[in-house]
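Have a look at the structure below, then the notes.
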Amino acid sequence: MSLHDLFRQVMAIYEQEKREKLSKERRSFQLVTRAIPEALKTLPFLPPDRYVVKGSVGQGVWTDVPWVAVMDQEVTDSTQRGYYIVYLFSEDRRRLYLTLAQGVTETPRDEMERVKRDIRQLIPAEERVRTDDDIRLGESKRAKDYERSVAAYIAYSFDDLPSDEQLARDLETMIGYYRQYVERTEPMAPPEQALSYREAVEHIHSYISAKGFYYTKEEVANLFLSLKTKPFVILSGISGTGKTKIVQWLAESVGATEDNGRFTLIPVRPDWHDGSDLLGYVDIKGDFKPGPLTNVIIEAGKHPDKPYFVVLDEMNLARVEHYFSDVLSVMESRRWEDGCITSSRLLPRETAGCDLFLPPNVYIIGTVNMDETTHPFSKKVLDRANTIEFNRVQLDHLDFLRDLPTVAPLSVGQELFAARYLHLKDVYARCPELVETVTNQLVEINRILMPLNAHIGYRVRDEICFYLAYNEEGKLMEFENAFDHCLLQKILPRVSGSDARVQRALEQLFTFCTGIELNGEYDALLDFTYAKYPKSADKILHMLRRLADDGFTSFWIGS
C-alpha cells in the first residue's frame, strides 16, 4: 500500500476506533506503529544505521494526536527529548503535518524556544516549508504542547493529500534541514566501526606498517588475541624493538590517542614500593591525590563504550608484586553481573572519596627488559598475563618501506576488545570440543612440568582456552599455530633452574613440540620448522643451550 493511502486510512478510521479499547489488533494501531514506519524505512535517504522510525497511538489509552517520528540516532532515540522529524495527525483527523519538532517531556521551555529560533534561521522563506506558529493540531493539552514544539512544518489536508512522490520529496527536504541543524550544533564523532576480528587485525597491521614499523600480521593478531583474553599483557625483549610503539600504534589505529586521553604512557620508577605510586595516596591534609592509573580508570568509567590503553613502561624497574599487586588481585575478581563485567573495589570510598572499580575497558600493557637493572617476575605475575617476546630484528628488511600507504585510524568501540569469557563454562558452552582438545594437551604438559613444581593451574588453562576460542571465532591462525603462542607465552616463562630435572623437562617439552628426541645434543642443526609447535621448540632449544653453557637457564635469560 502506498504512503498516501496509509496516511488517508489513519485519518479516515482513527476517530471511530478511538472510541473502542486500545488494542494491537486495531487497524489504526497497525498502521501507525508498523505499516507507516516500514514504508518510510524503504526510502533511500533514511539509512537504517542512522535513523530510527517509530509511531505511536498512545500507551494504554488512545492519544489525541497520533504520530510517526524519524529520529537521528546521533541526536536522540526518544520523542521525549531532542529534536526530530515527526508526522502529527490533528485531533479532527482533517490535517496531517510533517514537522521538525522537539520532545516536549524533557525539554525546558526556554531551550525549546532557542532551538526553534535556530532551526528557523536555517530555512529560507518558501511557501511549502513554513516556520510560523500557525500549526493547528487541536484543543487538548497534548495538542497545544506539540504545537509549541514545532519549528517548521508542511501542512496536508485529508481532501488534498499529495502523491507518494510529493510526500517523499517533502520528507527528503525536511531531512535536509534536519541534517543541516545536526551538523551545525552536534559535535559529530566519527561513526564507530563494527569490525570482525580478522578485519581488525588487517586494519591494525596496515596502520602500523604505514607508520614505518615492521611487524608481521601474526604478531599483531597475537597481541590482539592476548588483550582480548586478558586486559594485562607483558611485552619483553631487547631495547629498541618497538615494544612501546606497537601498543601506541595499535591504540591509535582504533582511535585511542594521548590527545583524547585513551592512550597513556606511565614510566615506572625504581623507587615504587607500593600501590600508592600507581593508584594514589591520601596526603597529610586528608585529601586524596590520584595516581596516574587512577586518573585513567576514572575517565574510562565515564566512557564504558571506548577502550583505554595504558603502557607501564619498563615495568620491572621496580618489583611488580609490590606496586601492582592490588590491580592484579582486582583483575582476578572480575565476574558477570547482570550481563556486564564487574570487579571488587580497587580503592574504597574512605580513601578515594568514592568506590573505585577496575573498568573492563582498561587494557594494561607492561614493557620489560631483562638485565642487571631490573627485577624478575614471580609466578603470581606470570600466571596473570600473556608474555610476548619481541626479539626479532631484521635490519635489512626494507622492502615494506617502499610506497608506504596512508592508513587513517578508525573509531572502534569497546566491543571489539571486550572479553566474552571469564570462566571456563562460558567458552565450554560454545565450543566444548576445543576445550577438551586443549585440556588433553595441557594434561600432557603438566605431566612433564610436575617434577619442577612448574605445572599450570586452572587459571592458565582457562585463559589458554579463551585465547584459542577467540582465535577460532576470528579464523586468525591455525589451531597449532595459536596453541604454539600459548605454550610460548603462558607456560615456558614458568620454567627456570639449574639441575637435571630442568634439563629433562625441557627435553621432554621439545619432544612434545617436535616429535624429535634430543638426547643431550643441542648444537646439531635440526630442521624442526615444520614441527607442530616450532616457536616454542626454538625457545626451548635456546634455553637448553644456555643451561649447558652456564649451568642455569630461564625463559628470560638471553632475552
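Sequential numbering from 934 applies to the sequence shown in the working numbering. C-beta: ideal position from N, C-alpha, C; glycine also. It should be emphasised that the depicted structure is a prediction, and the values quoted were computed from it without experimental measurement.
Candidates T1306, F1242, M1248 and D1316: which alpha carbon is nearest P1292's?
F1242
K1235 versus A1085 - alpha carbon distance
36 Å
According to DSSP, is G1109 helix, strand or coil?
Helix, per DSSP.
CA-to-CA distance, L1250 to F1257, given in whole angstroms
12 Å
Considering just the uninterrupted stretch of the alpha helix (DSSP H) at L1269, what are its terminal residues?
For the record, residue 1269 in the displayed sequence is Trp; it is not Leu. W1269 -> not in any alpha helix (DSSP H); beta strand (DSSP E) instead, spanning R1268 to E1270.
Can the beta-carbon of Y1361 be found less than 8 Å from the beta-carbon of E1413?
Contact flag unset, no.
Q1181 to D1238, Cα distance in whole Å?
19 Å
Have a look at G1145 and N1294 and give me their C-alpha separation to the nearest angstrom.
28 Å
Decide if the region 1267 to 1274 is in contact with the region 1351 to 1361; the criterion is three or more beta carbon pairs, one per stretch, under 8 Å apart.
Below 8 Å, enough C-beta pairs join the region 1267 to 1274 and the region 1351 to 1361 to call them touching: three or more.
Assuming contact is defined by CB atoms lying nearer than 8 Å, are T1162 and Y1400 in contact in what I supplied?
yes
Where F978 sits in the DSSP three-state scheme
coil
What number of angstroms, rounded off, separates the C-alpha of I1230 from the C-alpha of H1255?
Roughly 20 Å between the two C-alpha positions.
Does the separation of the CB atoms of G1224 and L1211 fall below 8 Å?
yes
Sequence-distant residues of the same chain with beta carbon closer than 6 Å to V986, five excluded per side
P970, L973, K974 and V1003
Rank D1246, P1384, I1167 and A1341 by C-alpha distance to the C-alpha of S1311 and give the top, closest one.
I1167
Return the chain-ordered ranges of every beta strand (DSSP E) run that is complete within the region 1163 to 1195 and spans a minimum of 3 residues.
1165 to 1169
Tell me whether Q1006 sits in a helix, a strand or coil according to DSSP, three-state version.
Q1006 falls in the coil class under three-state DSSP.
Along the chain, where does the beta strand (DSSP E) containing D1288 start, and where does it finish?
Here D1288 belongs to no beta strand (DSSP E), and DSSP marks it neither H nor E.
Just to confirm before moving on: does the CB-CB distance between R1069 and M944 stay below 8 Å?
no
Assuming F1221 is part of the beta strand (DSSP E), what are its boundary residues?
F1221 to P1223
Three-state class that DSSP yields for S1011 in the structure shown
coil
Local conformation of S1262 per DSSP, three classes
helix
From this set, R1102, V1008 and A1088, which residue's C-alpha is nearest R1117's C-alpha?
That would be V1008, whose Cα lies nearest to the Cα of R1117.
Which residues in the same chain as V1215 place their Cβ atom closer than 7 Å to its Cβ, once the five residues preceding and following it in sequence are excluded?
Closer than 7 Å at Cβ, skipping near neighbours: F1221 and T1284.
Distance, T1032 Cα to Y1110 Cα
Cα to Cα, Y1110 sits roughly 11 Å from T1032.
Put F1323 into one of helix, strand or coil per three-state DSSP.
In this structure, F1323 counts as coil in the three-state DSSP scheme.
Would DSSP call K987 helix, strand or coil?
strand
Consider the C-beta atom of A968 and the heavy atoms of the ligand GTP; say whether any pair is separated by less than 7 Å.
Because no ligand of any kind appears in the structure shown, any question about the ligand GTP cannot be addressed here.
With respect to the beta strand (DSSP E) encompassing Q1347, which residues constitute its N-terminal and C-terminal limits?
Careful: Q1347 lies outside any beta strand (DSSP E) and carries neither H nor E.
Taking the C-alpha atoms as reference points, what is the distance between M1121 and G1175?
Residue confidence for M1121 is low, a pLDDT of 47 falling below 50, so the modelled location carries little weight and cannot support an answer.
Whose C-beta lies closer than 7 Å to the C-beta of F978 among residues of the same chain, with five residues either side of it excluded?
E1105 and I1108
Start-to-end residues for the alpha helix (DSSP H) that takes in C1364:
C1364 -> no alpha helix (DSSP H), and no H or E assigned at all.
Presumed contact (8 Å Cβ cut-off) between R1040 and R1053, rounded CB distance:
Residue 1040 is actually Thr in this sequence, not Arg. For a cut-off of 8 Å, the C-beta gap from T1040 to R1053 is around 16 Å, too long to register as a contact.
Here's a check: name, in chain order, each residue in its chain whose Cβ is nearer than 7 Å to the Cβ of A1481, leaving out the five neighbours to either side.
Y1455
Where Q992 falls: helix, strand or coil (DSSP)
The answer is coil: DSSP assigns Q992 none of H, G, I, E or B.
Who are the Cβ neighbours of E939 in its own chain at under 7 Å, not counting the five residues just before and after it?
One point to set straight first is that residue 939 is Leu, not Glu, in the sequence displayed. When the five nearest sequence neighbours on each side are left out, the beta carbons in the same chain lying within less than 7 Å of the beta carbon of L939 are those of L964, A968, I969 and A972, in order along the chain.
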